[in-house]
Structures are given as structure tokens and as C-alpha cells.
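Enquirer: Residue numbers (full-length UniProt numbering): 1 to 394.
Note that CB positions come from ideal geometry on N, CA and C, so glycine has one too.
Here the structure is a predicted model, which is why all the values come from computation and not from measurement.
Attaching a single structure in C-alpha cells format; questions to follow.
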């Protein structure tokens with residue numbers, strides 16, 4: 001099936017965090033949003049069809065999981081990443097971040113340190129802080145047009161209170177995929193120091209042409225036993241509102257800790273019926289063509305954006321993603337403070353972007369721009385950024 005990603009969604013009857021809530025927050029219905037990590041595309045048709053069939057049954061009780069659900073997840077990870085997982089490793093949640101918080105509660109105690117590499121999604125720090133653990137930032141090394149892990153700083157940051165490392169792979173916001181060599185070195189450091197890795201791999205299905213992804217737990221038996229993978233079909237298939245995620249680990253102790261956390265928070269009764277149905281279909285082979293086509297389109301959007309900045313604002317540094325639907329851009333050349341920069345985007349250009357400062361060290365004067373939208377919308381948004389390089393007026 002060929003999908004048309006140039007089509008604009010009708011917003012009638014929709015109320016979303018990305019669009020309608022931003023309209024109300026700014027009292028500005030001319031805004032174009034490129035912030036929240038949703039794509040402005042309809043999901044794959046087999047998913048829509050499966051959800052329609054489920055709704056038509058008219059029964060919405062507590063769901064349980066058929067064998068076909070587990071088979072779909074297992075086959076997907078084997079097909080895409082050559083990662084052989086077992087049914088017994090798979091648990092569920094209503095979102096990867098709530099699962100990460102629950103795991104912190106069971107695997108650590110108050111005051112324990114959790115390491116994470118910045119800039120990264122702001123929720124990493126929030127999860128750590130709200131659970132009364134100590135966040136330890138390990139800034140990535142910016143090597144334009146990409147980033148590297150600063151292993152020297154990582155090792156210097158480890159103390160006897162360091163218990164968990166949050167890994168983001170592919171890394172949000174710049175779309176860097178960590179290589180098997182990098183992951184092996186990272187895991188070796190963590191195992192040596194008794195640090196468990198919780199690996200957020202939710203963007204692993206959104207790869208650029210020619211790129212490949214290695215799940216951390218797939219490296220070796222030792223790596224598998226020291227890793228808890230949190231992932232979901234939500235980002236790869238545009239299902240974030242359906243609230244269904246996966247927690248995967250071979251380690252039976254980690255599994256039991258997570259089950260205890262579920263019982264403690266009354267999450268044991270399961271998640272969304274519709275999320276479960278959508279996940280099973282999304283991970284089936286019939287939806288592969290949707291993500292393949294959407295990433296061709298996103299990659300074309302990246303090249304379109306790159307050409308735009310090269311022509312109109314060559315002083316802006318555009319980083320090269322390997323995955324995700326994000327564009328990560330350094331606007332330091334505008335010589336604005338961070339607050340002034342975001343004010344320019346929202347109040348002068350009338351577009352919403354993600355403020356890099358909220359993503360931790362290394363994010364000042366950067367913005368994350370969502371490329372998961374029709375090209376006409378992207379073009380309009382970029383045109384609004386064109387400013388005089390001296391006085392920054394539209």
C-alpha cells in the first residue's frame with residue numbers, strides 16, 4: 001500500500017497536546033507546532049482497521065494477551081534487529097516513562113545516583129528527581145555534525161551511590177544511534193561498577209536509509225542480564241495516545257522487581273485494550289511498509305530543511321540524524337539568550353519548537369524541530385524563521 005504523507009489531517013474533533021493545547025496556551029490560532037513528539041500523519045491502515053473492528057465489538061473490559069500478541073513482538077524484534085527475545089521477558093506498562101519511574105522505586109533507594117547523557121528528553125531528569133534520586137548529567141561530546149559519548153567523564157562521574165544509567169538509543173533529540181562498539185564499552189563500564197542500564201529504545205523503528213540498530217540487550221548474555229529495555233510501538237507508528245508500552249528483560253530479578261512495582265501502583269490490571277490491539281498489529285509484518293515509507297518522507301523533509309538553512313540561514317548548524325523524526329539545530333549564531341530565542345519562535349515566527357535548554361547540559365540555544373509533518377506545513381514553518389541576521393525581525 002502506498003501512503004500519502006502530503007495529506008493534512010482534519011483537526012475537527014481533535015484536541016491534542018501538540019496543536020490545540022498550544023493554541024490555547026498562546027491564544028494564537030495561527031501557530032504551527034513542531035514541538036511535541038507526535039507525527040502529523042495518519043497511522044498505518046492495518047492499525048486503523050484493527051482498532052475499528054475492536055470498537056465495533058462494543059466490549060471494553062480488562063484485556064489479557066493472546067499468544068499472537070507475544071508472537072508479534074518477538075517476531076518484530078527478530079526481523080528488524082536480530083534480537084531473539086522470549087515471551088517470559090516481556091512485561092507491559094502504560095508508557096515507558098512511568099515504567100522507568102516504577103523501576104527506580106524498586107531498584108534503588110532515596111539518594112542513589114542515576115546517570116544519563118545530555119542533552120536528552122527532559123523527562124529523564126524529572127523521573128529521577130520526583131523519585132528522590134540524584135540525577136547525574138554526563139554531557140555528550142558535540143562533534144559537529146554528530147555527537148559522541150564522553151566515556152572519560154562518565155567514568156569520573158561514577159561513585160559508590162551510582163546505581164542506574166538511563167540510556168536513550170536512538171538518542172533524542174539529535175537522532176544518534178549508538179554503535180555496537182560504543183554500547184559494548186558502555187555496558188562493560190556499567191557491569192564493572194554494578195550499574196544497571198535502563199535502555200529507552202522507543203525510536204528504534206525510525207531509522208534513516210542505510211542505518212541499522214543494535215538493541216543493548218542483544219550484545220551478549222552479560223549485557224542482556226544487566227539491561228532493562230523500555231520500548232513501545234508508540235513513536236514508530238504514531239500511537240502515543242493509546243498508552244501501551246513494553247518492559248523487556250531476561251533477568252528474572254528485574255522482572256520480579258517490575259511486577260512488584262506494578263502491584264504497588266495498581267498497574268497490574270493491565271493497560272489500554274486499544275493500545276494492546278494496536279501494538280500487536282503494528283509489530284506485524286503488514287505494517288513494515290508504513291514505517292519504511294514514513295522514514296523516506298521524513299528523510300526527504302530533513303534534506304529539504306538542510307537545503308533551506310544552507311540557502312537562507314547558513315550560520316545555523318544543522319546536525320545529521322541517523323534516526324527519529326527530529327531536526328536538532330544550533331541557533332547560537334542568532335546571539336540571543338535562550339528565553340529571547342524561544343520568544344522569537346513563539347511570538348514573532350509563530351511556531352512552536354522544543355527548547356533545547358530544557359534538555360539539560362549542552363542544549364542552550366538549540367532547538368528540536370519535529371519533521372514528522374506534511375512538507376507544505378514544514379515549508380511554511382521554515383519560511384517563518386527567515387529573519388534579518390542583524391536585527392532578527394521577520
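How would you label residue 84, buried or exposed, when you count the other beta carbons within 10 angstroms and need 16 or more for buried?
Expert: Exposed, because fewer than 16 other Cβ atoms sit within 10 Å of the Cβ of residue 84.
Enquirer: With DSSP collapsed to three states, give me the class of residue 317.
Expert: In this structure, residue 317 counts as strand in the three-state DSSP scheme.
Enquirer: Give the range of the beta strand (DSSP E) segment to which residue 246 is assigned.
Expert: Element bounds for residue 246: 245 to 248.
Enquirer: Can you tell me whether DSSP reads residue 3 as helix, strand or coil?
Expert: Residue 3: coil per DSSP, three-state reduction.
Enquirer: Using beta-carbon positions only, say whether residue 262 and residue 63 come within less than 8 angstroms of one another.
Expert: No; because the gap between Cβ atoms is not below 8 angstroms, this pair is not in contact.
Enquirer: Can you tell me whether residue 297 is buried or exposed? The criterion is at least 16 other CB atoms within 10 Å of its CB, across all chains shown.
Expert: That one is buried.
Enquirer: Quick check on the burial criterion: 16 or more other C-beta atoms within 10 angstroms. Buried or exposed for residue 378?
Expert: Under this definition residue 378 is a buried residue.
Enquirer: From the DSSP output, in three-state form, read off residue 364 for me.
Expert: If DSSP states are grouped into helix, strand and coil, residue 364 belongs with coil.
Enquirer: Quick check on DSSP: helix, strand or coil for residue 330?
Expert: DSSP places residue 330 in strand when its eight states are reduced to three.
Enquirer: When you compare only the Cα positions, how much space is there between residue 55 and residue 283?
Expert: About 20 angstroms.
Enquirer: Based on the DSSP secondary-structure assignment, which residues constitute the bridge partners of residue 171?
Expert: In the DSSP output, where bridge partners are listed per residue, residue 171 has 176.
Enquirer: Quick check: the stretch 307 to 315 against the stretch 23 to 40, are there 3 or more CB pairs under 8 angstroms?
Expert: No, the stretch 307 to 315 is not in contact with the stretch 23 to 40.
Enquirer: In this structure, what does DSSP give as the bridge partners for residue 229?
Expert: Paired residues: 199, 248.
Enquirer: Rounded to whole angstroms, what's the CA-CA distance from residue 339 to residue 164? Just pull it up for me.
Expert: Computed Cα separation, rounded: 32 angstroms.
Enquirer: State whether the stretch 138 to 146 contacts the stretch 315 to 332, with contact taken as three or more CB pairs (one from each stretch) at a distance under 8 angstroms.
Expert: The stretch 138 to 146, when compared against the stretch 315 to 332, does touch it at the 8 angstroms Cβ threshold.
Enquirer: Report, in whole angstroms, the separation of the C-beta atoms of residue 139 and residue 361, which I expect to be a contact under 8 angstroms.
Expert: About 4 angstroms separates the two Cβ atoms, so the contact holds.
Enquirer: Can you give me the C-alpha to C-alpha distance between residue 390 and residue 346, rounded to a whole angstrom?
Expert: A caution first: residue 390 carries a pLDDT of 40, below 50, which makes its placement in the model unreliable, though a value can still be read off. Cα to Cα, the separation comes out at about 19 angstroms.
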